[in-house]
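Asker: In the numbering used here, the protein residues as written are 74 to 423.
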Amino acid sequence: MKYKSVLSAFIVLMAVTLLTSCQNQDWEFSDYEYQSVYFSYQYPVRTIILGEYLYNNESDNDHQFRVMATTGGVYSNNNDVMIDYEIDQEMVDGFEFGGTGNPIQALPNNYFEIISNGDQMVIPRGELAGGLTIQLTDEFFQDPDAINTTYVIPVKLLNVANADTILQGTPNPFASNPRRGVADDWEVEPKDYTFYAIKYINHYDGFYLRRGEDMFTDENGDTETRIRRTESVVKDEVVDLLTQSLTQVSFPYTIPDSDGNDINITILLDFDDQGNITVSDDSDEYTASGSGTFVNQSESEESWGEKNRNAIYLDYVVEWEQSQRRVETADTLVLRDRGIGLETFSPELP
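(1) In its own chain, which residues sit with a C-beta less than 7 Å from the C-beta of Tyr161, not counting the 5 before and 5 after it?
(2) Please classify Phe367: is it buried, with 16 or more other beta-carbons within 10 angstroms of its beta-carbon, or exposed?
(3) On a Cα-Cα basis, can you pick out the residue from Ala219, Ala179 and Glu401 that is closest to Glu163?
(4) Identify which residue in Gly365, Ile336, Asn334 and Leu341 has its Cα closest to the Cα of Gln347.
(5) Return the chain-ordered list of same chain residues with a C-beta closer than 8 Å to the C-beta of Asp309, the five sequence neighbours on each side being excluded.
(6) For my contact list, Phe418 and Gly254 are in at a C-beta cut-off of 8 Å; report their separation, rounded to the angstrom.
(7) Between Thr173 and Tyr116, what straight-line distance do the alpha-carbon atoms span, to the nearest angstrom?
(8) Under DSSP, the alpha helix (DSSP H) around Asn134 begins and ends at which residues?
(9) Based on DSSP bridge pairs, tell me the residues matched to Thr320.
(10) In chain order, which continuous runs of the beta strand (DSSP E) of length 3 or greater are located wholly inside the stretch 232-271?
(11) Since Phe418 is in the beta strand (DSSP E), which residue starts that stretch and which ends it?
(12) Let me confirm a value: Tyr128 is counted as buried when at least 16 other C-beta atoms fall within 10 Å, else exposed. Which label applies?
(13) Among Glu260, Thr238 and Gly363, which residue has its Cα nearest to the Cα of Phe247?
(14) What is the C-beta distance between Ile338 and Thr327, in whole angstroms, given that I count them as a contact (C-beta under 8 Å)?
(15) What does the alpha-carbon distance come out to for the pair Glu442 and Phe280?
(16) Just grab the DSSP bridge partners of Gln208 for me.
(17) Ordered along the chain, which non-local residues of its own chain (more than five positions away) have a Cβ less than 6 Å from that of Gln317?
(18) In the DSSP output, what is Tyr389 paired with across the bridge?
(19) Using a Cβ-Cβ cut-off of 7 Å (strictly less than) and excluding sequence neighbours within five positions of Thr222, which residues of its own chain qualify?
(20) Report the three-state DSSP secondary structure of Pro181 (helix, strand or coil).
(21) Here's the rule: buried if 16 or more other CB atoms are within 10 angstroms of the residue's CB, otherwise exposed. What is Gly203?
(22) Taking Cβ positions, are Thr120 and Ile413 nearer each other than 9 Å?
(23) From Glu125 to Asn151, what does the alpha carbon distance come to, in whole angstroms?
(24) Once the 5 residues before and after Ala384 are set aside, which same chain residues still bring their CB inside 6 Å of it?
(25) Please work out which residues of its chain come closer than 8 Å, Cβ to Cβ, to Trp100, disregarding the five sequence neighbours upstream and downstream, and give them in chain order.
(26) Going by C-alpha distance, which of Ala361, Tyr359, Asp330 and Val311 is nearest Thr405?
(27) What whole-angstrom Cβ distance do Asp157 and Asn232 have, given they're in contact under 8 Å?
(28) My guess is that Val195 and Thr144 are in contact by the Cβ rule of under 8 Å, so how many angstroms apart are they, rounded?
(29) Use the C-beta contact count for Tyr107: other C-beta atoms within 10 angstroms, 16 or more gives buried, fewer gives exposed.
(30) Could you tell me which residues DSSP puts in a beta bridge with Met288?
(31) If distances are taken between C-alpha atoms only, which option among Gly333, Leu341 and Asp287 comes closest to Asp313?
(32) Helix, strand or coil for Asp313? Go by DSSP, reduced to three states.
(33) In terms of residue numbering, what span does the beta strand (DSSP E) encompassing Ser353 cover?
(34) Locate the beta strand (DSSP E) running through Asp335, then write down its first and last residues.
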């Protein structure tokens, strides 16, 4: 009996000990031996989103963006980390955007201005990232190539204060002149540089929900009207308006011919400062003409996702002179989203 009493007391003591030791406590970890600085992405693509967006894009509408460096190896940054850097346009000489054959071009100096921190990047105390604020000039937005992935700002980190090291990589001993951007030239690839690609979309670019009405007139003068409208706006046809300049988008869509086969059409929409739209074309097969209006979401009566949305209202005609066919269209386009996500590229040498 004494044995059982002792055993019972031991079990109770162990249970109390386990319950006590299982209480939640703060985890504490030591920092790594070295605090490093680097770029998280070597080949990012940054799209300046003009107009309204789901998230705060005030800096975009001010034609500004930031190139950010990161510090690692610590759980908290206790000092202002100061990084010397350079914009080295020669880093991208000879490179192409992978899979396109298009040359990577350094952003011309007159297309941008650095408006923060002089010759240093600063990662502020208490932060794990910091960098440059860059102002784009009007020349950038006047360049037709700026709507595509054409230009990069090639930045390289040089020296750092208040951190231990820059992740400069380890060259391959067989590479006589290792280049940043050529993976085979490195045993450990460097992260001390970025080819920071920059482009823009205008205020009207995005995916829209389309509904409306088409009146077809054939070569005999016979007409047929088709209504495009679903019971819910979310089920409407989705079309993509694509930036051509600051004030112009292209609008590709399809219509059926007399045999039910799809015909590809692309019209051009030009916007003025008052939201008036002119419809035109850039085709040898048909002509397009008409007009419309753009209504900002703050004034729009069109909604999607329980929010008012930007809307475009169009009335236009597409005609085929040879076949004497024409389509008169009334469209309502309701903005669904701007269609921008994380984008990167891969450089390659031809």
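Glycine included, every Cβ here is placed at the ideal spot set by N, Cα and C. Since this is a predicted model, take the numbers as computed values, not measurements.
Answerer: In brief:
(1) According to the sequence as given, residue 161 is Asp; it is not Tyr. Pro227 and Lys229.
(2) Phe367 is buried by the Cβ-count criterion.
(3) Ala179
(4) Gly365
(5) Hits under 8 Å: Leu282, Arg283, Arg284, Arg301, Arg302, Thr303 and Val407.
(6) The Cβ separation is near 11 Å, so there is no contact.
(7) 15 Å
(8) Glu131 to Asn134
(9) The partner list for Thr320 (beta bridge, DSSP) is empty, contrary to what the question assumes.
(10) 259-261
(11) DSSP places Phe418 outside any beta strand (DSSP E), giving it a letter other than H or E.
(12) exposed
(13) Nearest C-alpha to Phe247: Glu260.
(14) 7 Å
(15) Nothing in the structure corresponds to residue 442, since the chain is present only between 74 and 423.
(16) Gln137 and Glu186
(17) Ser323
(18) BP columns for Tyr389 point to Gly363 and Thr402.
(19) Cβ neighbours of Thr222 beyond the five flanking positions: Val118, Phe170, Ala270, Lys272 and Phe418.
(20) coil
(21) buried
(22) yes
(23) Here the alpha carbon of Glu125 sits roughly 37 Å from the alpha carbon of Asn151.
(24) Val368, Ser373, Glu375 and Val407
(25) Any reading at Trp100 needs caution, since the residue's pLDDT is 47, under 50, leaving its predicted position unreliable; the model's value is listed next. Nothing listed; no residue qualifies.
(26) Val311
(27) 4 Å
(28) Here Val195 is actually not in contact with Thr144; their C-beta atoms are around 11 Å apart, not less than 8 Å.
(29) exposed
(30) In DSSP, Met288 forms a bridge with Thr298 and Glu401.
(31) Leu341
(32) Secondary structure of Asp313 (DSSP, three-state): strand.
(33) Asn349 to Asp354
(34) Asp335 to Phe344
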